[in-house]
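Chains as they are written, first to last, in my numbering: chain D, 148 to 259; chain X, 9 to 122. Note that the Cβ used here is the ideal one computed from N, Cα and C, for glycine as well. The structure appears right after this line, and notes come after that.
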């Protein structure tokens, strides 16, 4: 079953603009993670936010988490052509759940 | 270099011919998992393992087997592959026996079953 769902499915922006992607999920979580995937390659972890955190930063990345709305957003500031990739959110199922479930991803295209 | 290594990178086989995709990690991670990725369906978990000799089903385990005899290795076995198992497969690992830490992914195995 799909726990996280990203929105939009695809996003096209110009270099230098900000990109915002959203993730909604259905059940309680211990943490939410964001990953990036360049075409056909393995996923790379970007950032993890715990359920008791509301915001986290890493370089040009900013992640927010609203557990009351069961949603998260990933903001990439001052985007670059090299940021072109698919972005996935992943959630566990809370408690002692050992599964990490991924959404279907947002395909971000940054045009030079 | 810390990494998750999958082999082979590409595999074309025929229906019913048993195959194994190997996965090895050199980071002494407790947790390992297999995912398949299909267009429009995202990544779906096949099996996972919290430690040696401890495995459990993910969301799409039918048609697959796994084993965890050593900490570093977690092979994925298709006893009788079928065309609907044509997919891009990823192995991943994580420190600790809880999926709290980030996953480290291999580079994937693209399997085609004809």
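Partner residues on chain D for residue i, Cβ-Cβ distance less than 9 Å
i: residue 53/X; result: 246, 247, 248, 249
Closer than 7 Å to chain D by CB, residue i
i: residue 104/X; result: no
i: residue 58/X; result: yes
i: residue 91/X; result: no
i: residue 69/X; result: no
Where residue i meets chain X, residues with beta-carbon distance less than 7 Å
i: residue 189/D; result: 98, 113, 114, 115, 116
Proximal residues of chain X, C-beta to C-beta of residue i below 8 Å
i: residue 242/D; result: Here the premise fails: no neighbours, minimum Cβ distance about 10 Å.
In DSSP terms, what residue i is bridged to
i: residue 20/X; result: 120/X
i: residue 159/D; result: 256/D
i: residue 202/D; result: 211/D
i: residue 152/D; result: 171/D
i: residue 40/X; result: 57/X, 101/X
i: residue 64/X; result: 56/X
Sequence-distant residues of the same chain with beta carbon closer than 7 Å to residue i, five excluded per side
i: residue 34/X; result: 10, 11, 80
i: residue 266/D; result: Lying outside 148 to 259, the shown extent of chain D, residue 266/D is not represented and no answer is given.
i: residue 110/X; result: 102
i: residue 223/D; result: 165, 166, 207, 208, 230
i: residue 201/D; result: 211, 212
7 Å Cβ cutoff, residue i in contact with chain X
i: residue 252/D; result: yes
i: residue 181/D; result: no
i: residue 156/D; result: no
Chain-ordered neighbours of residue i on chain D, where CB pairs are closer than 7 Å
i: residue 110/X; result: 180, 192, 195
Contacting residues, own chain, Cβ-Cβ under 8 Å from residue i (five flanking each side not counted)
i: residue 240/D; result: 150, 174, 175, 176, 246, 248
i: residue 19/X; result: 27, 29, 117, 118, 119, 120
i: residue 46/X; result: 52, 95, 96
Residues that residue i contacts on chain D, provided the C-beta gap is smaller than 8 Å
i: residue 49/X; result: 251
i: residue 66/X; result: 246
First and last residue of the uninterrupted beta strand (DSSP E) at residue i
i: residue 245/D; result: No beta strand (DSSP E) holds residue 245/D; DSSP gives it neither H nor E.
i: residue 82/X; result: Here residue 82/X belongs to no beta strand (DSSP E), and DSSP marks it neither H nor E.
i: residue 50/X; result: 50-59
i: residue 182/D; result: 178-184
i: residue 195/D; result: 191-197
i: residue 10/X; result: From DSSP, residue 10/X is part of no beta strand (DSSP E); its letter is neither H nor E.
Neighbourhood of residue i by C-beta distance below 6 Å, restricted to the same chain and skipping five residues each side
i: residue 196/D; result: 179, 203, 210, 212
i: residue 15/X; result: 30
i: residue 161/D; result: 258
i: residue 148/D; result: Note that residue 148/D has pLDDT 45, beneath the 50 cutoff, so the model's placement of it is unreliable and the number below is only indicative. Excluding sequence neighbours, residue 148/D sits near nothing in its chain.
i: residue 91/X; result: 121
i: residue 154/D; result: 169
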